[in-house]
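Only one structure is covered here, and it is reproduced in the block below.
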Amino acid sequence: MLVVAEVAYGSDGATVAIDGVAPATDAAAVDAGDAVYVLRHGRQTKVSLRDLTLDEAGDQGQGGLVRAPMHGKVLSVLVEQGVRVRRGQRLAIIEAMKMENEILAPRDCVVGEVHVEVNQSVKTGEPLLRME
């Protein structure tokens with residue numbers, strides 16, 4: 001089951017909203033770098049932080065796959081093979097639960113291959129594009 005955790009960093013530390021539900025006022029969140037620990041009523045929950053948009057090869061500057069961060073339907077593909085993109089540029093839009101989610105370029109690169117088309121259903125982690 002995919003759970004969306006939004007971490008906000010403020011002067012009092014990190015707070016976590018789960019699936020859009022605001023954090024409990026009696027909970028504490030501790031940022032541990034690669035994870036956030038949420039403490040409440042003597043229970044601890046570890047929230048792992050993982051970027052599903054780019055595989056490990058992409059993180060090393062050797063090209064990589066941009067993957068779907070959630071199940072959904074591809075509403076639009078905004079780039080074509082061979083196009084140079086800049087970090088943060090919109091690549092595609094996926095609709096999930098009536099919300100549009102922008103898929104952004106993880107870094108400056110060239111689109112090597114487009115794996116999806118408009119109206120296609122995708123699963124979490126499914127390759128959308130290959131970056132070079």
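Numbers 1 to 132, taken from full-length UniProt numbering, label the letters of the sequence shown in order.
Think of the CB as a built atom: it goes at the ideal place given N, C-alpha and C, for glycine as much as any other residue.
Since we're looking at a predicted model, the values are computed, not measured.
Asked	Found
Per DSSP, which one or two residues make a beta bridge with residue 134?	One cannot answer for residue 134 here, as it falls past the ends of the chain, which runs 1 to 132.
Do the region 108 to 128 and the region 79 to 95 make contact, defined as three or more Cβ pairs closer than 8 Å?	yes
Considering only their Cβ atoms, is the gap separating residue 7 from residue 16 smaller than 7 Å?	yes
Determine whether the beta carbon atoms of residue 65 and residue 92 lie at a separation below 7 Å.	no
Please classify residue 13 as buried or exposed, where buried requires at least 16 neighbouring CB atoms within 10 angstroms.	exposed
Ignore the nearest five residues each way along the sequence and tell me which others in residue 120's own chain have a CB closer than 8 Å to its CB.	73, 74
Cα separation between residue 76 and residue 125?	18 Å
Relative to the C-alpha of residue 89, which residue among 131, 99, 71 is closest?	131
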